[in-house]
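Notes follow once the structure below has been shown.
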Amino acid sequence: SARGAVAAVDLGATSGRVIVGHVAADVLETTTVARFANEPVRVADGLHWNLLGLYGSVLEGLRAALRTDADIASIGVDSWAVDYGLISRSRMLGEPFHYRDERTARGVEAVHASHPHDALFARNGLQFLPFNTLYQLAAEDRSVLQLADHALLIPDLIGFWLTGQARTERTNASTTGLLRADTGEWDADLAAALGLPQHLLTPLISPGERLGTLTADVATSLGAPRTAVTAVGSHDTASAVVAVPMTSGDAAYISCGTWGLVGVEVDRPVLTDSAREAKFTNEGGVDGRVRLLRNVMGLWILSETVRGWQREGHDVELGELLAAAAAVTAPATVFDVDDSRFLPPGDMPARIVAWCEEHGAPAPQSRAEIARSIIESLAQAFADAAHEAGRIGGIDVRVIHIVGGGSLNELLCQRTADRAGVPVLAGPVEATALGNILVQARAAGILPGSLESLRDLVARTHTPRRHEPHAG
Ligand code: LFR
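Using UniProt numbering, the letters of the sequence shown correspond one by one to residues 3 to 474.
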């Protein structure tokens with residue numbers, strides 16, 4: 003039977019990796035050939051990604067991949083959503099902004115003046131998030147925007163540098179706010195009404211389609227043949243959902259890393275008032291599925307807390323901190339993790355204390371108590387969003403899958419099960435890369451079939467860890 007290798011480039015908000023997947027009908031094996039930090043940089047005009055640095059790391063990772071496996075059939079790229087680089091005749095006009103940069107507030111004001119959120123939701127089906135691409139574009143310097151030929155989302159920008167082809171992959175396009183939820187095509191009327199030049203938006207491409215092949219220059223620099231580059235679910239969450247080992251129709255999923263993306267998979271967008279009021283989003287999935295989910299703040303709050311302590315010179319290690327948090331016996335305050343004060347980088351413990359004071363709740367004191375309070379608050383938000391997703395999507399949720407980095411956090415998984423009252427199935431940790439690999443392998447003819455058969459392969463090769471719910 004068919005067997006082959008593909009390379010997945012997966013860029014997260016704190017780190018990136020290049021992973022080679024070996025795939026056959028009963029095989030899904032991965033080797034991480036490169037792992038590198040992704041560190042945003044603040045300069046005079048705001049918070050940016052160091053995209054050229056990241057691209058350099060991607061090339062180095064691909065070199066390592068091609069050294070291990072000369073016969074890699076294809077390359078696929080995914081990353082976080084919404085952010086973009088402006089391109090003028092193949093030149094990038096400055097480093098892309100980070101979605102946590104505060105300039106987006108200006109864009110929200112400008113867009114909502116003519117298109118309030120409920121009017122937008124009817125078109126694009128998205129939860130209000132102040133960093134969605136349309137708000138960022140509305141906050142751009144108009145003279146810079148005038149110079150641009152295209153706005154390319156991060157994976158598409160890397161795909162453009164690798165192949166010379168300028169396309170926008172559909173799952174990630176669905177996070178821009180400029181794609182119609184009903185047709186899945188660009189909302190040209192909305193772009194025009196917001197004064198955004200049509201040519202910024204490049205032709206759409208679907209997961210599984212071939213973007214192109216490595217340019218001669220890139221191939222030479224990698225010492226490789228002109229390998230194919232395949233479009234995958236280039237929104238990392240879309241790839242992660244492909245690899246959630248859901249084997250029944252009663253599952254919710256949580257893709258948990260920097261964010262906790264909590265939802266269910268449905269066949270068509272849910273554009274009702276109740277979906278909008280419950281802060282749900284309809285993002286595009288692979289094979290035309292819809293990811294009905296809510297963005298919950300995620301491990302960002304915990305990792306930014308730990309980073310803050312480390313900056314202050316404290317010797318804090320995550321594993322030890324979580325062990326201490328698990329041992330806390332005093333009841334922990336559950337705070338609202340989705341309060342917008344937790345979005346920008348900064349002093350998280352101080353913000354948690356301020357939240358508690360404003361709400362007349364006891365504030366956690368020690369580092370262990372703070373960590374426990376964060377975990378309990380995330381678990382509660384996850385449990386609530388999973389059941390609400392089921393209610394809105396018409397699914398009776400009997401099991402919750404947690405994939406991504408958060409699946410390694412046993413306390414978080416257990417407390418989510420406890421608070422949701424249903425079992426949590428944890429893993430795989432590298433769901434995003436697996437989803438990227440699976441879609442490429444299917445496009446290369448190595449694997450047949452439906453998303454269900456791809457998920458079945460994940461379930462057979464990456465058995466999840468089961469957490470039964472306990473009362474109290
Ligand atoms: C997760 C993610 C979320 C998106 C956020 C910002 O990595 O892609 O789905 O809302 O990052 O892009």
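Using N, Cα and C, we set each Cβ at its ideal position, and we do this for glycine too. On a predicted model such as this, the values are computed, not experimentally measured, just so you know.
| Asked | Found |
| --- | --- |
| Where Arg144 falls, given that 16 or more other Cβ within 10 Å makes a residue buried | exposed |
| C-beta contact flag for Phe99 and Gly48 at 8 Å | yes |
| Beta-bridge pairing of Ser90 - partner residues as DSSP gives them | Arg93 |
| Leu301 classed as buried or exposed, judged by whether at least 16 other C-beta atoms fall within 10 angstroms | buried |
| Member of Ala433, Arg212, Val266, Pro430 whose CA lies at the smallest distance from the CA of Ala445 | Arg212 |
| Nonlocal neighbours in the same chain, by C-beta distance under 7 Å from Leu304, ignoring five residues either side | Ala373, Ile376 |
| Extent of the continuous beta strand (DSSP E) to which Asn284 belongs | 283-286 |
| Bridge partners - Trp188, DSSP secondary structure assignment | Leu181 |
| heavy atom of the ligand LFR below 7 Å from Val431 C-beta | no |
| CA-to-CA distance, Ala254 to Ala72, given in whole angstroms | 39 Å |
| Neighbour-count burial assignment, Val43, 16 or more Cβ in a 10 Å radius | exposed |
| Closer than 7 Å: residue 475 CB and nearest the ligand LFR heavy atom | There is no way to answer for residue 475, as the model of the chain reaches only from 3 to 474. |
| Coarse secondary structure for Phe337, derived from DSSP in three states | coil |
| Neighbour-count burial assignment, Leu54, 16 or more Cβ in a 10 Å radius | exposed |
| Residues that Val45 bridges to, as DSSP identifies them | Gly48 |
| Gly225 burial status per 10 Å Cβ neighbour count (16 or more: buried) | exposed |
| 8 Å Cβ cutoff met for Arg169 and Thr204 | yes |
| Three-state secondary structure (DSSP) of Asn174 | helix |
| Beta-carbon proximity list for Arg5, same chain, < 6 Å, skipping 5 on both sides | Ala26 |
| Per DSSP, cross-strand counterpart(s) of Ile77 | Ala9, Val231 |
| Beta carbon of Ala381 nearer than 8 Å to that of Arg421 | yes |
| Every unbroken beta strand (DSSP E) within the region 410-467, with a cutoff of 3 residues, ordered by chain | 426-428 |
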